[in-house]
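Trainee: Counting in the working numbering, the sequence shown runs from 1 upward without gaps. Note that beta-carbon positions come from the ideal geometry of N, C-alpha and C, so glycine has one too.
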Amino acid sequence: QVQLVESGGGLVQPGGSLRLSCAAPGSIFRLDFVGWYRQAPGKQREPVATISSSDVTNYADSVKGRFTISRDNAKNTVYLQMNSLKPEDTAVYYCHVTGTGWGPGGRWGQGTQVTVSS
Numbered sequence: 001q002v003q004l005v006e007s008g009g010g011l012v013q014p015g016g017s018l019r020l021s022c023a024a025p026g027s028i029f030r031l032d033f034v035g036w037y038r039q040a041p042g043k044q045r046e047p048v049a050t051i052s053s054s055d056v057t058n059y060a061d062s063v064k065g066r067f068t069i070s071r072d073n074a075k076n077t078v079y080l081q082m083n084s085l086k087p088e089d090t091a092v093y094y095c096h097v098t099g100t101g102w103g104p105g106g107r108w109g110q111g112t113q114v115t116v117s118s
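1. Counting pairs of beta carbons, one from the segment 108-116 and one from the segment 51-61, are three or more of them closer than 8 Å?
2. Taking the beta strand (DSSP E) that Glu-6 falls in, what are its first and last residues?
3. Going by DSSP, what residues sit across from Phe-33 in a beta bridge?
4. Quick one: residues in its chain with C-beta nearer than 7 Å to the C-beta of Pro-87, no 5 flanking neighbours on either side, listed in chain order?
5. If you draw a straight line from the C-alpha of Thr-43 to the C-alpha of Cys-22, how long is it?
6. Do Ile-51 and Arg-71 have their C-beta atoms within less than 7 Å of each other?
7. Among the residues of its own chain, which have a CB less than 7 Å from the CB of Pro-47, if the five just before and after it don't count?
8. To the nearest angstrom, how far is it from the Cα of Gly-9 to the Cα of Tyr-94?
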């Protein structure tokens, strides 16, 4: 079973930047519709940003103007560029993909921790 692999998380100071990646190594299926989600301790998982197969993007109000979702089709990878990070952005970030070959419920990655703290 092909896995989704997230990377790029880490510890950053408030106001800093990180770029998360979501890739499917070895997969023959495209990352069609991809969403980034996050889950902070004690909170429910929430959507952050999505990108469709035609590159239509949507963002949660809390990240608009600071985060950018994009894709590199040649690398079959989706990115989440996060700028002007705030402590409240601290969470485990997950990517989720749906589309041809990914099954009825799509596929979740294992998550990557983002911590924003001074």
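Mentor: The relevant details are as follows:
1. Segments in contact, no.
2. Annotation: the continuous beta strand (DSSP E) that includes Glu-6 extends over 5-7.
3. DSSP, once it has assigned bridges, lists Thr-98 as partnering Phe-33.
4. Cβ neighbours of Pro-87 beyond the five flanking positions: Pro-14, Val-116, Ser-117.
5. In the sequence as displayed, the identity of residue 43 is Lys instead of Thr. Our two residues, Lys-43 and Cys-22, have alpha carbons roughly 23 Å apart in a direct line.
6. Here Ile-51 is near Arg-71, since their CB atoms are less than 7 Å apart.
7. Here the set comprises Gly-35, Tyr-37, Ala-60.
8. Those two C-alpha atoms are separated by around 11 Å.
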